[in-house]
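**Student:** In order, the protein sequences belong to chains A and B.
Here the first sequence is numbered in numbering that gives the first Met the number 0, starting from 0 and rising by one per residue.
Here the second sequence is numbered in numbering that gives the first Met the number 0, starting from 0 and rising by one per residue.
Yeah, the Cβ is synthetic: ideal placement off N, Cα and C, and Gly gets one too.
Note that this is a predicted model, so its numbers are computed, not measured.
Protein chains: 2
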Amino acid sequence: MKREKAAGVFLLTVGDEILDGRIQNTNATWFGEQLRHAGIPVSESRSVADTVRAIQRALRDGAAHPIVIVTGGLGPTNDDRTLEGAAAAFRLPLSHNTASLAHIRSRYLARGLPLTEPRLKMALVPKGAKVIANQTGTAPGVHLRVKGTEFFFLPGPPSECRPMFEKAVLPLAGKRLRSRRLLRREFWRTFGRGEGEIFAKVSAVVESLEKRFPASVAFGVHITFPYIDLTFEVRDAPRGEHPSKREIDSAASSISDALGTLCFSRERESLADAVAAMLLRERLTVATAESCTGGLLGKLLTDRAGSSAYYLGGVVSYANSAKEKLLGITKNTLEGHGAVSEECVREMAQAIRRELGADLALAISGISGPGGGSETKPVGTAYMALALKDRTRVTHQVILKGLGNREQNRVLAAHWALDALRSELLRFPEAGIPVN
Amino acid sequence: MKREKAAGVFLLTVGDEILDGRIQNTNATWFGEQLRHAGIPVSESRSVADTVRAIQRALRDGAAHPIVIVTGGLGPTNDDRTLEGAAAAFRLPLSHNTASLAHIRSRYLARGLPLTEPRLKMALVPKGAKVIANQTGTAPGVHLRVKGTEFFFLPGPPSECRPMFEKAVLPLAGKRLRSRRLLRREFWRTFGRGEGEIFAKVSAVVESLEKRFPASVAFGVHITFPYIDLTFEVRDAPRGEHPSKREIDSAASSISDALGTLCFSRERESLADAVAAMLLRERLTVATAESCTGGLLGKLLTDRAGSSAYYLGGVVSYANSAKEKLLGITKNTLEGHGAVSEECVREMAQAIRRELGADLALAISGISGPGGGSETKPVGTAYMALALKDRTRVTHQVILKGLGNREQNRVLAAHWALDALRSELLRFPEAGIPVN
C-alpha cells in the first residue's frame, strides 16, 4: 500500500551549534519565509546533531514528505556528515562526482591551497544523486530522489544556500506542492501602540471573518520590535468557502480605518524609510541633535541609500559640554532646567536647524538607564522636540512606563522622534508645498 | 522490553508563524544556550504547526527522550492547541485546574476584562499534570510525567517562558541529564579577519587535540557579525580520555598567542565595550565625527551604561554643508580632495577633538553604497582618522573588497574605527598615564 505523503515541506537543519544555541537558525526562518511567499506550506522544521545516526533517522522521517530541504554538514570538516547520513538512510554508496571534483579543485587551486582528503570529500555524492552547482562557495549541493520524495542538500552558509534554493529548489517545490491559491495578502505595520491595543482595534472585523471562513482566512498580529505588524491572508478553500472579493475589500478597508495613522506602511519598510519617502516627496531636509540616543536617530535616517537628499547631519551632544560647545545651549538652561528638559531639547532642535539651514530638526534628550533616573524623571523619561521655521513642538513621555531596558529605551526614543516627524509631515499637502 | 531513552532534551516549538518564517525561533536558541551552559545536551529541536495532529505526533516522538520542553500554543486563541495535542497523544482527559482558574481570573479582573470561554480554556490541563505558575503572564505552564518522560509545556512569549524554564525546568533537567562534567570552557572574540584566517591560525593546536580526545574536546569557529568567535570546550570523558589540566592550559595559551591582539575579548562583549573599558582605565575621553556611518559610531560608543565618562559627543557631518558648518572643513579640501579622502577625514577628526576638548577623536568618511562608487573609490571605500593631541593617524581600505552591502559596510566601518582606537590604546601603559 502506498503511503500518502504529508502536505508540506520538511526542513532539516543539521548542526550541534544550532541545537545548543551557539547560532540562530536563520536558515529555517529564511526558507520558511520564502516558501510562504511562494504559497508552499512547511509541515515541519527539525534540527539535529552532527551525527550520522541522527541525520539518518531524520531523513527517514523526512521521506514521509514530498519535499525535504536539508542545510548544513556538507563542508570539509569532521563534523560535516550529512551525505554520509543520507547514504546510510537509503543504503546508497557514495562516490566522487566529476563535476564537483573539478569545481572544488579550481576553487582551492585559485587560492593556492592544496587538495587535501577532507576537501575532496565534498565531492562525494550518494549514487543516483544530481549535483547542484554552488556559485558562491565550494561545497556543491545535492539533489536526490528517493521513493517519490525530493531531497535537497544545501550548504549551511546563507550566502551559498540561498541562491541555490532559489534556483534549484523553489521551482521544483512549487510544482510538487501547489498550495491553495492565495486570493489576497494584506499587511499593515504600526508604531506606537502595544499588540493588545492593536488587536482590540481590529478584533471585531477579524473574528467575524475568521469564524465564517476558518479554512480560508488567517489574521495575525506580530511584534517586529519596535513595530506591531498585522497580516491578513485569504486563500482559496474547498467548496468555495472563502469570502467574496467584496467582503475581502470591505474587511481590509475596515482594518485600515480602524488603524488610521497608527499604520505607517503597508509593506515591511522601516519607519525611517516611510519618513524618508515623505521628506523626499515634500523636498524637505532634516537635521538632528541627539543626547541619550547617541547617534541612533542619525543612523536610522541614513540606513537607506540616497539619504543625503533629505538628511543634512547633526550633532551627538552627549556630554553637557558638547551641548554648550556644539549647540550653544546656555549654562542657564542646563543648570536651571537640566539636560533632560523641555527647555533644553527645544534649544537643541532650534540650534541645529538654524546651524545647518534645515527645514526641520529633531532633538532628543532622555534617561536611557539603567542608572540616572530620579523620582520626577525616572529611567525611560524622554523629551523630544521638532523645530520648524516658525514653531517648535515639544513633547515628553516615560518610555514603556519605565520598564524598558537601555536598548529598548533608546530604540523607542529614536522611533518616537521619527513618528513625531511623520505626524507633522502628514499635515502637508500631497502636492508638496515647501514649509518655508 | 523497556526502550532506552535518547541522551538529551527534545525541544518542541509550536506555531505556524515559526514554520513559515514570520518570526525567528528565538525560544529554541535561548533554551539550547541555557541547557548548554548547564552541561545538558539537546538531541533534537523541532517546530510543528498549530494542529492537534501535528502536536500529538511530535509529542509521541518526544517520549523517546527523558525531557521534553514545549513552548507555544497555551494561550486563549483558537490556534492554541498544545494541551489538546498532549491529551490526544497520551489519551488523558482535560479538566480545569483550580489554581490556574484563580490566577487567570485575578489577571483579567484586575484589568477589568470579562472571563470569556477562550480565556478559561487556559486553565485546562491533562489529568495527572501539575501546574507551573506564570509570574509574568496569564497562561500557566504544565508539567506532565508520562512513562518516564518529563514533559514541560510553557507559554511562547520569552518574558513568560524564560523565568518558568529557569525555575521549574532547569533543575529537574539537570538531575535527569547530568551530562559529562565540563572541565574547561574558553572563549575568544576577534575582529578584523575572516573565519578561514582565524581558523588557520589555530588549526595546528586544535586538530591535534581533537584527534587525540575526540570524546572530550570541542573547538568551534563561529561568525557573530562583525566578529569571529572561537570556542574551546573540554568535558570529562569515559575512561579518563580527556586532556590533562596542563595540556588544556597549554592549548589555551597557544591559541591566545596565535590570535595575539586580534582577540579583543575573552567574553561575549562588544568591541565598543572593550574599547570603553580601556578608555575608562586610562581616564581618556573620545569624540566622533561621522559621515557615511551617520551616527552609528556614536551609538555604539553609548550602548553601554556610564558611557558619559568617556564619550563626549560628536557630529554627523553627512552633507558637505554640514562638514563646513559643524567642523569648518574648507571648500578647498572638499572640492580639491573630496569628502571621502585622507585630507577631509584628518580635518574632521582634528576639528571635533579641538572643539570638544577630547583626548582622542575618531572620524569616518566613506562610500556605503549601493551607489556613489567610482573607479578609484569603489563602494566600500572608507577613510578613518584617529586624532590625538600631537598627531593624527589616517588609514583607508575597501571594506569586504567592495562586495559588502550598505549595512555591512557601515557596521564594519564603525567597528574598524573602534579597532583603530583599541590598537592605539593597547600602546598605553596599564598604569594609566594620560596621553596629554
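Could you spell out where the beta strand (DSSP E) holding residue 45(A) opens and where it closes?
**Tutor:** Your numbering for residue 45(A) matches position 46 in the first sequence. Unbroken beta strand (DSSP E) run through residue 45(A): 41-47.
**Student:** Would you say residue 147(A) reaches chain B, if we count a Cβ-Cβ gap shorter than 9 Å as a contact?
**Tutor:** Against the first sequence, residue 147(A) aligns to sequence position 148. No, residue 147(A) does not count as interfacial toward chain B.
**Student:** Would a check of beta-carbon distances place residue 44(B) closer than 9 Å to chain A?
**Tutor:** The count along the second sequence starts at 1 and reaches residue 44(B) at position 45. Judged by the 9 Å Cβ criterion, residue 44(B) is in contact with chain A.
**Student:** The alpha helix (DSSP H) with residue 280(B) in it runs from where to where?
**Tutor:** The count along the second sequence starts at 1 and reaches residue 280(B) at position 281. Start and end: 270-281.
**Student:** With a threshold of 9 Å between beta-carbons, can residue 368(B) be considered close to chain A, or not?
**Tutor:** To locate residue 368(B), count along the second sequence from 1; it is residue 369. Closer than 9 Å: yes.
**Student:** Relative to chain B, which residues along the segment 305-317 of chain A have a C-beta separation below 9 Å, given in chain order?
**Tutor:** 305, 306, 307, 310, 311, 312, 313, 314, 315, 316 and 317
**Student:** Please confirm whether residue 349(A) has its beta-carbon closer than 9 Å to some beta-carbon of chain B.
**Tutor:** Reading the first sequence from its first residue, position 350 is the one you call residue 349(A). False, the Cβ-Cβ gap to chain B never drops below 9 Å.
**Student:** CB-CB under 7 Å to residue 6(B), same chain, minus the five flanking residues each way: which ones, in chain order?
**Tutor:** Along the second sequence, one-based indexing puts residue 6(B) at 7. For residue 6(B), where only same-chain residues beyond five positions count, the Cβ hits under 7 Å are 40 and 42.
**Student:** Any C-beta of chain A sitting closer than 9 Å to the C-beta of residue 89(B)?
**Tutor:** By one-based count along the second sequence, residue 89(B) stands at place 90. Closer than 9 Å: no.
**Student:** In three-state terms, what does DSSP make of residue 287(A)?
**Tutor:** Taking the first sequence and counting its residues from 1, the one referred to as residue 287(A) is at position 288. Correct three-state label for residue 287(A): strand.
**Student:** In chain order, which alpha helix (DSSP H) runs of at least 4 residues are fully inside the segment 203-283 of chain B?
**Tutor:** 244-258 and 270-281
**Student:** Can you tell me the Cβ-Cβ gap for residue 405(B) and residue 304(A), rounded? I've got them flagged as a contact below 8 Å.
**Tutor:** Looking up residue 405(B) in the second sequence gives position 406. Looking up residue 304(A) in the first sequence gives position 305. Their Cβ separation, rounded to whole angstroms, is 6 Å, which keeps residue 405(B) and residue 304(A) in contact under 8 Å.
**Student:** Below 8 Å on the Cβ atoms is my guess for residue 190(B) versus residue 89(B); work out the distance and round it to an integer in Å.
**Tutor:** Here the question's residue 190(B) lines up with position 191 in the second sequence. Here the question's residue 89(B) lines up with position 90 in the second sequence. Not confirmed; about 51 Å, so no contact.
**Student:** From which residue to which residue does the alpha helix (DSSP H) around residue 322(A) run?
**Tutor:** Counting from one through the first sequence, the residue named residue 322(A) turns up at place 323. Run containing residue 322(A): 319-326, per the alpha helix (DSSP H) assignment.
**Student:** Comparing alpha-carbon positions, which option in 342(A), 363(A) and 282(A) lies nearest residue 291(A)?
**Tutor:** Counting from one through the first sequence, the residue named residue 291(A) turns up at place 292. Answer by Cα proximity: 363(A).
**Student:** Could you name the residues of chain B that residue 4(A) contacts, counting a contact when the two beta carbons are closer than 9 Å?
**Tutor:** As a position in the first sequence, residue 4(A) is number 5, starting the count at 1. The contacting residues do not exist; residue 4(A) stays about 15 Å from chain B at best.
**Student:** Extract the residue ranges of the alpha helix (DSSP H) inside the segment 166-194 of chain A, only unbroken runs of 4 or more that lie entirely within it.
**Tutor:** 169-175
**Student:** Report the rounded CA-to-CA distance for residue 358(B) versus residue 256(B), giving the unit in angstroms.
**Tutor:** Your numbering for residue 358(B) matches position 359 in the second sequence. Your numbering for residue 256(B) matches position 257 in the second sequence. Going by the C-alpha atoms only, they are around 31 Å apart.
**Student:** Give the straight-line distance between the Cα atoms of residue 17(B) and residue 278(A), rounded to the nearest whole angstrom.
**Tutor:** Taking the first residue of the second sequence as position 1, residue 17(B) is located at position 18. Taking the first residue of the first sequence as position 1, residue 278(A) is located at position 279. Distance between the alpha carbons of residue 17(B) and residue 278(A) is about 36 Å.
**Student:** Any beta carbon from chain B within less than 9 Å of residue 40(A)'s own beta carbon?
**Tutor:** To locate residue 40(A), count along the first sequence from 1; it is residue 41. It does; some Cβ of chain B falls within 9 Å.
**Student:** How would you call residue 417(A), buried or exposed, if buried means at least 16 neighbouring beta carbons within 10 angstroms?
**Tutor:** To locate residue 417(A), count along the first sequence from 1; it is residue 418. Flag for residue 417(A) reads buried.
**Student:** Span of the alpha helix (DSSP H) holding residue 107(A)?
**Tutor:** Position 108 of the first sequence, counted from the start, is the residue given in the question as residue 107(A). Taken as a continuous stretch (DSSP letters only), the alpha helix (DSSP H) holding residue 107(A) covers 97-109.
**Student:** Can you find a CB in chain B that lies within less than 9 Å of the CB of residue 19(A)?
**Tutor:** Position 20 of the first sequence, counted from the first residue, corresponds to residue 19(A). Yes, contact with chain B.
**Student:** Quick one: what's got a C-beta closer than 7 Å to residue 163(B)'s C-beta in the same chain, skipping five residues either side?
**Tutor:** For this step, residue 163(B) is matched to residue 164 along the second sequence. The residues 131, 133, 140 and 153, in chain order, have a CB closer than 7 Å to that of residue 163(B) in the same chain once the five nearest residues on each side in sequence are set aside.
**Student:** Would residue 207(A) be called buried (16 or more neighbouring beta carbons within 10 Å of its own) or exposed?
**Tutor:** Numbered from 1 along the first sequence, position 208 holds the residue referred to as residue 207(A). Counting Cβ neighbours within 10 Å, residue 207(A) comes out exposed, since fewer than 16 surround it.
**Student:** Residues of the segment 128-141 of chain B with a CB closer than 7 Å to any CB of chain A: list them in chain order, please.
**Tutor:** none
**Student:** Alpha carbons only, please: which of 11(B), 321(B) and 386(B) is nearest the one belonging to residue 72(B)?
**Tutor:** By 1-based counting over the second sequence, the position of residue 72(B) is 73. Of the listed residues, the one whose Cα sits closest to residue 72(B) is 11(B).
**Student:** Between which residues of its own chain and residue 36(B) is the CB-CB distance below 7 Å, once the five residues before and five after are set aside?
**Tutor:** Numbered from 1 along the second sequence, position 37 holds the residue referred to as residue 36(B). Nothing listed; no residue qualifies.
**Student:** Out of curiosity, what's the CA-to-CA distance linking residue 231(A) and residue 179(A)?
**Tutor:** As a position in the first sequence, residue 231(A) is number 232, starting the count at 1. As a position in the first sequence, residue 179(A) is number 180, starting the count at 1. So the two alpha carbons sit approximately 15 Å from each other.
**Student:** Give me the chain A residues within the contact set of residue 47(B), using Cβ-Cβ distance strictly less than 7 Å, ordered along the chain.
**Tutor:** Start at 1 with the first residue of the second sequence, and residue 47(B) comes out as number 48. Chain A residues near residue 47(B): 43.
**Student:** Which term fits residue 24(B), buried or exposed, when burial requires 16 or more other beta carbons within 10 angstroms of its beta carbon?
**Tutor:** As a working note, residue 24(B) is residue 25 in the second sequence. The residue in question, residue 24(B), is buried, as its Cβ has 16 or more Cβ neighbours within 10 Å.
**Student:** Between which residues of its own chain and residue 50(B) is the CB-CB distance below 6 Å, once the five residues before and five after are set aside?
**Tutor:** On the second sequence, position 51 is the one that residue 50(B) refers to. Here the set comprises nothing.
**Student:** Would you kindly work out how many angstroms separate the C-alpha atoms of residue 320(A) and residue 101(B), rounded to a whole number?
**Tutor:** Numbered from its first residue, the first sequence carries residue 320(A) at position 321. Numbered from its first residue, the second sequence carries residue 101(B) at position 102. Going from the Cα of residue 320(A) to the Cα of residue 101(B) covers about 56 Å.
**Student:** Given that residue 408(A) touches chain B, what residues does it touch there, using C-beta distances under 9 Å?
**Tutor:** Looking up residue 408(A) in the first sequence gives position 409. Near residue 408(A) there are no residues of chain B at all, since even the closest Cβ is about 11 Å away, more than 9 Å.
**Student:** Would you mind reading off the limits of the beta strand (DSSP E) that contains residue 339(A)?
**Tutor:** What you label residue 339(A) is simply residue 340 of the first sequence in a count that begins at 1. Segment: none, residue 339(A) is in no beta strand (DSSP E) and carries neither H nor E.
**Student:** With a threshold of 8 Å, establish whether the CB of residue 84(A) neighbours any heavy atom of the ligand GTP.
**Tutor:** Inclusion of the ligand GTP in the displayed structure is not the case, the ligand content being empty and no account of it being possible.
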